[in-house]
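Asker:
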Amino acid sequence: MKQILVITIIFLTSNFTVFAQKYSELQNYKHHSVITKNDTINYHTYAKVKTDSLSTILLYIQGSSAISLYQVKKEKGSIVIGTTVPFDLATIPDHFLFVVISRKGFPFSTELDKPFPIPESFFENQTLEYRANQANLVINDLHKTYNKQLDKIIVLGHSEGSDVVAKLGTINKRVTHFGYWSGGGNTQFIDFVTFIRKDVEKGTLTEAQAKIKIDSLFNDLRDIMSHPNATDKFWQGDDNSYKRWSHFSDPPIENLLQINKPLFVAIGTKDQAVALESAYLIPIEFIRNKKDNLTFKAYPNLDHGFEMELENGEFEDHWNDVFQDFLNWVNKTQ
988 MKQILVITII
998 FLTSNFTVFA
1008 QKYSELQNYK
1018 HHSVITKNDT
1028 INYHTYAKVK
1038 TDSLSTILLY
1048 IQGSSAISLY
1058 QVKKEKGSIV
1068 IGTTVPFDLA
1078 TIPDHFLFVV
1088 ISRKGFPFST
1098 ELDKPFPIPE
1108 SFFENQTLEY
1118 RANQANLVIN
1128 DLHKTYNKQL
1138 DKIIVLGHSE
1148 GSDVVAKLGT
1158 INKRVTHFGY
1168 WSGGGNTQFI
1178 DFVTFIRKDV
1188 EKGTLTEAQA
1198 KIKIDSLFND
1208 LRDIMSHPNA
1218 TDKFWQGDDN
1228 SYKRWSHFSD
1238 PPIENLLQIN
1248 KPLFVAIGTK
1258 DQAVALESAY
1268 LIPIEFIRNK
1278 KDNLTFKAYP
1288 NLDHGFEMEL
1298 ENGEFEDHWN
1308 DVFQDFLNWV
1318 NKTQ
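In our numbering, the protein residues as written are 988 to 1321.
#1: Is Gln1175 helix, strand or coil by DSSP?
#2: Please confirm if the region 1280-1291 is in contact with the region 1249-1260, defined as three or more CB-CB distances below 8 Å between the two stretches.
#3: How would you label Val1317, buried or exposed, when you count the other beta carbons within 10 angstroms and need 16 or more for buried?
#4: In whole angstroms, what separates the C-alpha of Ile1079 from that of His1018?
#5: What does the alpha-carbon distance come out to for the pair His1214 and Thr1114?
#6: Comparing alpha-carbon positions, which option in Ile1044, Ala1266 and Ser1169 lies nearest Ile1126?
#7: Whose CA, out of Gly1156, Asp1150 and Val1162, lies closest to the CA of Trp1168?
#8: State the start and end residues of the unbroken beta strand (DSSP E) segment that holds Gly1166.
#9: Starting from Lys1063, trace the beta strand (DSSP E) in both directions and tell me its first and last residue.
#10: Roughly how many angstroms separate the alpha carbons of Gly1224 and Ala1077, rounded to a whole number?
#11: My assumption, with CB atoms under 8 Å, is that Val1261 sits in contact with Gly1171. Please give the rounded CB distance.
#12: Taking only three categories from DSSP, how would you classify Asp1039?
#13: Mapping the DSSP letters down to three states, classify Glu1147 as helix, strand or coil.
#14: Output yes or no for whether 8 Å exceeds the beta carbon distance between Leu1204 and Phe1221.
#15: Which parts of the region 1077-1101 are runs of the beta strand (DSSP E), unbroken and 3 residues or longer, counting only runs that do not cross its ends?
#16: Between the region 1019-1039 and the region 1085-1096, can you find at least three pairs of beta-carbon atoms closer than 8 Å?
#17: Just the Cα atoms here: how many angstroms apart are Arg1275 and Leu1244?
#18: What are the start and end residues of each continuous alpha helix (DSSP H) run of 4 or more residues lying completely inside the region 1115-1142, in chain order?
#19: So, using beta-carbon positions, are Phe1111 and His1234 closer together than 8 Å?
#20: Roughly how many angstroms lie between the CA atoms of Arg1118 and Thr1038, to the nearest whole one?
#21: What's the gap between the Cα of Met988 and the Cα of Asp1304?
#22: Would you mind sorting Gln1321 into buried or exposed? The rule is 16 or more other CB atoms within 10 Å of its CB.
#23: Does Glu1062 get closer than 8 Å to chain D when you measure Cβ to Cβ?
#24: In this structure, does DSSP put Lys1284 in helix, strand or coil?
#25: For Thr1174, collect the residues of the same chain with a Cβ closer than 6 Å to its Cβ; drop the 5 residues on either side in sequence, then sort them by chain order.
#26: CA-CA distance, Val1086 and Phe1310?
#27: Any chance you could list the alpha helix (DSSP H) runs of at least 4 consecutive residues sitting entirely within the region 1210-1269, in chain order?
#28: Could you tell me the alpha carbon to alpha carbon distance between Glu1323 and Asp1138, rounded to whole angstroms?
#29: Which two residues bound the contiguous alpha helix (DSSP H) that contains Phe1074?
#30: For Leu1289 and Ile1240, what's the separation of their Cα atoms in angstroms?
#31: Using only CA atoms, which one of Val1021, Pro1073 and Tyr1033 lies nearest to Phe1293?
#32: Taking all protein chains shown into account, do 16 or more other C-beta atoms lie within 10 angstroms of the C-beta of Lys1277, making it buried, or fewer, making it exposed?
#33: Measure the alpha-carbon distance for Asp1075 versus Thr1193 and round it to whole angstroms.
#34: With a threshold of 7 Å on Cβ separation, who are the neighbours of Lys1060 within its own chain once the five nearest residues in sequence on each side are excluded?
#35: With DSSP as the reference, identify every bridge partner of Glu1020, one or two as the case may be.
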């Protein structure tokens, strides 16, 4: 679990890490908006020092959770904070401006343990193109303010956010370093087949059972692609619309190969959401296309959120270890 600073919370899903964090750090965020003709994009910045001392922007692009960035609850003199931002803010370097973007229709923070209905605007904009455009506009807005003092603009995406990073790399030329974490190279659809076949290899499914599951999967995928913009039909959870699945179905490798800036790809070998084989497609294709801007790291025994399951069933967090590797790579990579 992530660092516990106030009281312990046990609340973990594949895309949502929860931990308590110093409320004073949360209050240090500054809130901004990019307003276009048809949209308002809300983003938030955190820095430890005065803005004129900043030289690097780090934009973190979160995964697929339909939830606010932070959830806060005050009880019995304590403040408990849950978040989809898996960083210990103390690990952010002093000269960095850390940036996160609110999901469409969600405020920066909501009340923890109190339901917040998913807005229809979230489902309408639940696409790769929209999220990449969000990030592009935020980077351009930040560049207007900080361009005279910036050395680096870093974008780091995790899970679904990695797909966004790949797409962003084809449209924004200001980014100097790309982080692509817990994402595959192939279409997300193939992961479901791969994990079914792994269950056959482990002996937890028979060939006959696997055939039934795969045939059912193919029927689901055909239905999704027959209704690619449906926001009232869902698959693999009530917050994943058909529109989301169809618009995130392209193989990210097609976008990654268009990136010529330094690219750091990280995957845990025990990732339970992205098939490891799909991630290995990335270095293979970079080698095949004679591209040398990729650093690829597979972290033994770490899962989708870079945690390691211990023998007692508890989880040991290694997110900060991967992040430190990433920072070291940024510092030595031009």
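Note that CB positions come from ideal geometry on N, CA and C, so glycine has one too.
Answerer: Inspection of the coordinates gives the following:
#1: helix
#2: yes
#3: Val1317 comes out buried.
#4: 18 Å
#5: In this model, His1214 and Thr1114 are separated by some 14 Å (Cα to Cα).
#6: Ile1044
#7: Asp1150
#8: Looking at the DSSP string, the run of the beta strand (DSSP E) that includes Gly1166 is His1164 to Trp1168.
#9: No beta strand (DSSP E) contains Lys1063, which DSSP labels as neither H nor E.
#10: 33 Å
#11: 5 Å
#12: helix
#13: helix
#14: no
#15: 1083-1088 and 1096-1098
#16: yes
#17: 11 Å
#18: Along the length of the region 1115-1142, whole alpha helix (DSSP H) runs at least 4 residues long occupy 1115-1133, reported in chain order.
#19: One detail in the question is off: residue 1111 reads as Glu in this sequence, not Phe. The answer is no: Cβ separation not under 8 Å.
#20: 26 Å
#21: Bear in mind that a pLDDT of 31 at Met988, under 50, signals an unreliable position, so the model cannot answer this.
#22: exposed
#23: Here chain D cannot be found, since the structure has a single protein chain.
#24: strand
#25: The beta carbon of Thr1174 is closer than 6 Å to those of Ser1236 and Pro1238 in its chain, skipping five residues each way along the sequence.
#26: 15 Å
#27: 1229-1234 and 1240-1243
#28: Because the chain spans 988 through 1321 in this model, residue 1323 falls outside it and cannot be assessed.
#29: Here Phe1074 belongs to no alpha helix (DSSP H), and DSSP marks it neither H nor E.
#30: 23 Å
#31: Pro1073
#32: exposed
#33: Asp1075 and Thr1193: Cα-Cα distance of roughly 43 Å.
#34: Annotation for Lys1060: Val1067, Glu1098, Leu1099 and Asp1100 place their beta carbon closer than 7 Å to its own, counting only its chain and skipping 5 residues before and after.
#35: It is Ser, not Glu, that sits at residue 1020 in the sequence shown. DSSP lists Asn1029 as partners of Ser1020.
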